[in-house]
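Peer 1:
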Amino acid sequence: MSDGNFNRSMLPSNSFQSGLRAGQARMQQFALEALELALQQHPEFLSEPAAAEQLQATFRKLLQQRL
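Each number in the numbering used here comes from the position in the sequence shown (counting from 1) with 17 added on.
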């Protein structure tokens, strides 16, 4: 009787994890592209005191548009 331990190499291949990693990588790419667009559209954010908050808001908006 099996105790729940088995050899995973005997299982059929599952591409779910590979697809999940590919999707995460693509979403990271979208995020980087959105941040780059935000910095290009609003270069003044880097010199203002409240720059981080404004940049985050713009970044979130651009990410939502890409999704």
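Each residue gets a CB set at the ideal place from its N, CA and C atoms; glycine is no exception.
1. Which word fits A51, buried or exposed, when buried means at least 16 other C-beta atoms lie within 10 angstroms of its C-beta?
2. Can you name the start and end residues of the alpha helix (DSSP H) that S35 belongs to?
3. State the DSSP-derived secondary structure class of A67, mapped to helix, strand or coil.
4. Here's the rule: buried if 16 or more other CB atoms are within 10 angstroms of the residue's CB, otherwise exposed. What is L79?
Peer 2: The relevant details are as follows:
1. Indexing the sequence shown from 1 puts residue 51 at position 34. The residue is buried, with at least 16 neighbouring Cβ atoms inside 10 Å.
2. Locating residue 35 in the sequence shown gives position 18, counting from the first residue. Unbroken alpha helix (DSSP H) run through S35: F33 to Q58.
3. Here residue 67 corresponds to residue number 50 of the sequence shown, with the count starting at 1. In the structure shown, the three-state DSSP call for A67 is coil.
4. One-based indexing of the sequence shown puts residue 79 at position 62. Classification of L79: buried, given that the 10 Å Cβ count is 16 or more.
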